[in-house]
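Residue numbers (the working numbering): -1 to 94.
To start, the structure under review is shown below, and the notes come after it.
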């Protein structure tokens, strides 16, 4: 059974476009983890919802595919995942 993991990101108002782009680039590197099924990890954004208020402030989405729950747990426990999520807690609103 394939497990699909979806995360939506909001940024604090003071976060620059350059920092957002760097964050997105770093998230995309997570597709190289062996626990990501066939390297299927997609990062998209910014939101183009119309009207924009419907997106509730979420700008970026991450969708990753995993073979099963154990592979998802491995992904979430990986050093790479923690490094990207923990270093950017200062720019994000909400939990990842």
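Glycine residues also receive a C-beta, built at the ideal position from the N, C-alpha and C atoms.
Check                                                                                                                                                                 : Outcome
Below 8 Å on the Cβ atoms is my guess for residue 57 versus residue 8; work out the distance and round it to an integer in Å.                                         : 7 Å
Please report the straight-line C-alpha distance between residue 28 and residue 50, rounded to a whole angstrom.                                                      : 28 Å
Would the beta-carbon of residue 6 fall within 8 Å of that of residue 59?                                                                                             : yes
So the candidates are 40, 82, 74 and 36; which of them puts its Cα closest to the Cα of residue 0?                                                                    : 36
Short check: CB of residue 62 to CB of residue 81, under 8 Å?                                                                                                         : no
Count the other CB atoms, across all protein chains shown, that sit within 10 Å of the CB of residue 69; report buried if there are 16 or more and exposed otherwise. : buried
Just to check my reading of the structure: residue 64 and residue 34 have Cβ atoms closer than 8 Å, yes? What is that Cβ distance to the nearest angstrom?            : 7 Å
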